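Novice: One structure coming up, written as structure tokens, with questions to follow.
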Amino acid sequence: MKILLLGVGMQGKAALYDLVNSPDVSQIIAADINYDSLREYADQLQTPKLKTVKLDVRDDQAVIKEMRQVQAVIILLSQEFRENLVKLAIESGIHLIETSYSLPAYEDLGIAAKTKDLSILPECGLDPGIDLVLAGRAIREFDLVRALHVYGTGVPEPEAANNPIKYKISWTFAGVLGAYQRPVRMLKGGQVVDLSPIEMFDKSNIHMVDMEGLGLMEAYYNGDAVKFLDIFGIKDTTTDTGRYSLRWPGHAEFWTKMVGLGFLADEPVRVGGHEISPRQFVHDLLSPQLQYEENERDIAAIRVVVEGMKDGQSKRVIYQMIDRRDLDTGLMAMQRTVGFTASIGAQMILRGDIKQRGLLTPIHDIPSDIFIAELEKRGVQIQRQEKEIP
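The sequence shown begins at 12 in my numbering and counts up one residue at a time.
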């Protein structure tokens, strides 16, 4: 297998580590505009199958040159580059894997990819990614689905949750703050309910979840859960659905005040003669205070709860994934569960485990048995529970 990795930041380092340690991968090209950081990490991996390149992905011809040397490309870059890189991958005749939500433009690009016998696999990370595979797997166990609830989190383990908000950064903090401003859509009692960002953290919209192995965590709604019902094929029977983030207790109480006071607004305010975005101020003030120490571990977790009818019985099936930072490699749980997953997706396509072509979704197109086995090889454990509902 010959694979190009574009973007070797936090998640990219984990993807690169996994590719280097995968025997089936014979050649890796890792490219980033920040070459010194890339080279420093590559030197730690010490493998002859890795080539490093300084690359500006805005240079189409330079990107195509690298793409034409491989069979697949993994994209771990910001959204602004993604659509063009998909076009270049199709032009270069290679498969593409990325970890972010599929873009509307991918529909037509998927058709073009299919005519060239290529796979475009977005949403192949943690959330989205592992959550979608586990949800799809759980749903297929039922004859009829009535409820689907999906939880995700990235938090410090209790010993490292030692600041006033019990949170540290294992992902882009700008993305976290942006998510706190994202409108919510869920289904409750068969009715679509929309929540504004200020309502998202209200006590009436928070519930507690007892995560096995972690204890009680608070859950708040995060994003649009309703749009997935059609993709999952359960739109006509489901009466309740939600997507949630999990945090240690007290997190929502803090952020509801911050949102209510306008601290996460984008519109600049004038301070001392300067125009300053409140959200940017919060980002720049808190980021240095929310970093992990070298001996501290983060936790990444996914919990999928599906309720419905199975063999004439009303049942609940729960899939749960929990991972922690590997202090030996230094890789955070968030890095492992995003980067490793992208690497697994690329290798499953090239190995023939994923046979579909065109625009794919982890929900239907990633064989869950093989996928879970690959995660477990890397120390990422998946648990399953099944209970009858009286």
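Beta carbons are placed, not taken as given, at the ideal position from N, Cα and C, and that holds for glycine. Given the structure is predicted, the values throughout are model-derived calculations rather than measurements.
Relative to the C-alpha of residue 215, which residue among 232, 227, 280, 201 is closest?
Specialist: When each option's Cα is compared against that of residue 215, the closest is 232.
Novice: Less than 8 Å between the C-beta atoms of residue 209 and residue 372, yes or no?
Specialist: No, these two residues do not count as a Cβ contact at 8 Å.
Novice: So what does residue 330 bridge to, in DSSP terms?
Specialist: Its beta-bridge partners are 315, 395.
Novice: Check whether the Cβ atoms of residue 404 and residue 328 sit closer than 8 Å, and answer yes or no.
Specialist: Limits of the chain in this structure are 12 at one end and 401 at the other, which puts residue 404 out of reach.
Novice: Compute the Euclidean distance between the alpha carbons of residue 116 and residue 95, then round it to the nearest angstrom.
Specialist: Distance between the alpha carbons of residue 116 and residue 95 is about 10 Å.
Novice: So residue 377 is in the alpha helix (DSSP H); what residue range does that whole segment cover?
Specialist: Here residue 377 belongs to no alpha helix (DSSP H), and DSSP marks it neither H nor E.
Novice: Helix, strand or coil, according to DSSP, for residue 221 in the structure here?
Specialist: Residue 221: strand per DSSP, three-state reduction.
Novice: At a cut-off of 7 Å, is residue 323 close to the ligand GTP when judged by its beta-carbon and the heavy atoms of the ligand?
Specialist: This structure simply doesn't include the ligand GTP, nor any ligand for that matter.
Novice: Does the Cβ-Cβ distance between residue 177 and residue 261 come in under 8 Å?
Specialist: Yes, the pair counts as a contact, with Cβ atoms nearer than the cut-off.
Novice: If I measure Cβ to Cβ from residue 350 and keep anything under 6 Å in the same chain, skipping five residues before and after, which residues do I get?
Specialist: Contacts found: 22, 25, 26.
Novice: Which partner residues does residue 280 have in the DSSP bridge list?
Specialist: BP columns for residue 280 point to 287.
Novice: Could you round the C-beta distance between residue 157 and residue 249 to whole angstroms and report it? I think they count as a contact, below 8 Å.
Specialist: 6 Å between Cβ atoms; contact.
Novice: Mapping the DSSP letters down to three states, classify residue 192 as helix, strand or coil.
Specialist: It is coil, neither helix nor strand.
Novice: As a quick exercise: from 237, 361, 326, pick the residue whose alpha carbon is nearest that of residue 30.
Specialist: Answer by Cα proximity: 361.
Novice: Determine the extent of the beta strand (DSSP E) in which residue 122 is found, giving its start and end residues.
Specialist: Taken as a continuous stretch (DSSP letters only), residue 122 belongs to no beta strand (DSSP E), being part of the alpha helix (DSSP H) at 117-126.
Novice: Taking the beta strand (DSSP E) that residue 50 falls in, what are its first and last residues?
Specialist: Unbroken run through residue 50 is the alpha helix (DSSP H), 46-56; no beta strand (DSSP E).
Novice: In terms of residue numbering, what span does the alpha helix (DSSP H) encompassing residue 39 cover?
Specialist: It is not in any alpha helix (DSSP H) - residue 39 instead sits in the beta strand (DSSP E) that spans 38-43.
Novice: Can you give me the start and stop residues for the alpha helix (DSSP H) that residue 130 sits inside?
Specialist: First-last for residue 130: 130-132, but that is the beta strand (DSSP E), not the alpha helix (DSSP H).
Novice: What whole-angstrom Cβ distance do residue 179 and residue 309 have, given they're in contact under 8 Å?
Specialist: About 7 Å; that satisfies the 8 Å criterion.
Novice: Measuring CA to CA, which of 15, 92, 385, 396 is closest to residue 37?
Specialist: With distances taken between Cα atoms, residue 37 lies closest to 15.
Novice: Please state whether the Cβ-Cβ distance between residue 230 and residue 257 is less than 8 Å.
Specialist: In this structure, residue 257 lies closer than 8 Å to residue 230 by Cβ.
Novice: Considering only the alpha carbon of each residue, which of 289, 399, 123, 129 lies closest to residue 108?
Specialist: Ranking 289, 399, 123, 129 by Cα distance to residue 108 puts 129 first.
Novice: Using the Cβ count rule (16 or more neighbours within 10 Å means buried), how would you classify residue 91?
Specialist: Exposed, by the Cβ-count rule.
Novice: Who are the near neighbours of residue 240 in its chain, counting only those whose CB is closer than 8 Å to its CB and skipping five residues on each side?
Specialist: Excluding residues within five positions, the ones whose Cβ falls inside 8 Å are 159, 198, 246, 249, 252.
Novice: Can the beta-carbon of residue 153 be found less than 8 Å from the beta-carbon of residue 321?
Specialist: In this structure, residue 321 lies closer than 8 Å to residue 153 by Cβ.
Novice: In terms of alpha-carbon separation, which member of 45, 51, 120 lies closest to residue 370?
Specialist: Minimum Cα distance to residue 370 is reached at 120.
Novice: Please state whether DSSP places residue 353 in a helix, a strand or coil.
Specialist: The answer is helix: DSSP assigns residue 353 an H, G or I state.
Novice: Using the C-alpha atoms, what's the distance from residue 141 back to residue 183?
Specialist: When rounded, the distance between both Cα atoms is 19 Å.
Novice: What are the boundary residues of the beta strand (DSSP E) that residue 23 is part of?
Specialist: Run containing residue 23: none in the beta strand (DSSP E); it sits in the alpha helix (DSSP H), 21-31.
Novice: Under 8 Å between the Cβ atoms of residue 311 and residue 344?
Specialist: Yes, these two residues count as a Cβ contact at 8 Å.
Novice: If I follow the unbroken beta strand (DSSP E) through residue 405, where does it start and stop?
Specialist: This structure cannot speak to residue 405, because the chain is shown only from 12 to 401.
Novice: For residue 103, report the span of its alpha helix (DSSP H) as first-last.
Specialist: Run containing residue 103: 93-103, per the alpha helix (DSSP H) assignment.
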